[in-house]
Structure formats: structure tokens, C-alpha cells
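Only one structure is covered here, and it is reproduced in the block below.
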Amino acid sequence: MKRNLFTAGETILEVVVAVGVLMIVLGPASATFVASVRAVGQNRNDLVAASLAEEGVEVVRNIRDSNFLKFSAKGTACWNAAPYDSSGNAVSIDNCGSTKIGDETKISRSTSPQPQRFRLIFDPSALTWNLVAP
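Residue numbers (the numbering used here): 309 to 442.
Right, here's the structure in full:
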């Protein structure tokens, strides 16, 4: 049986071709995987922001619908009877000692523990509700 001198490097060439094909196939697949992991994180943040915005809208709607006055131990109203200020887009709140609620996220919400008067304002660029002292 004759030995062909050209078949000695055939195995190395096959390995190089196989690795090249794998790189061509796995390169875009890994980029797609990384992009999908990033998208999942962004979608989570968007969902938290939407939930916080909905929570703020529910607070304002509850004040508007029920005009409910909650009295603190001193007998003063915690919620102002008129939920809108002169601009018509903010809520005046007498804080009754609220503190941070929920888990820490990139999107935050908090109130001051000191009894003060605040305006609740929605920031559409950051998708957050902010309590602003007048």
C-alpha cells in the first residue's frame, strides 16, 4: 500500500476548518446572548419604574376619589383636603412620618421622617415620583 505524502497535514487542516466554522457560528450567538441578558435587566428596571408610576397614580387617584382625611395622633390631617396645587399637577401632602418602603432598586422612592408639607410630582424622564418641599 502506497503512503500518500499529502495526507499527513490533513487532520490539522480539518481541525482549523472546524474551529473556524465554530467561531463563525458561536460568535453571533454569544453576542445575541449578551444582548438578551442586558435586555432582561433593562426590562426589569422598566417594570419597576412602571409599577412605581402606577403606585403614584393610585395615591393621587385615591386622594381625588375619596377625599379621605387621615388624622395623626395630634388630630391634624395627614393628607391635605385639596389634592392639587395651583398648577393642577401636584399633590400637597402633610407627611405623617413615612419612611422608605420596599426593596432597593435603581429607581427609588422615599419620604422624609420629619412631619413637613410636600408636593408629590411625577418626573416622566426618570419615571419616578418625587416629594418636593415647597
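For glycine and all other residues, C-beta sits at the position ideal for the given N, C-alpha and C.
Item, Value
"Whose CA, out of Arg427, Asn370, Ala358 and Glu363, lies closest to the CA of Ser433?", "Ala358"
"Quick check: the Cα distance between Val353 and Val368, rounded to an integer number of angstroms?", "Going by the sequence as given, residue 353 is Asn instead of Val. Their Cα atoms are separated by approximately 23 Å."
"Please classify Gly328 as buried or exposed, where buried requires at least 16 other C-beta atoms within 10 Å of its C-beta.", "exposed"
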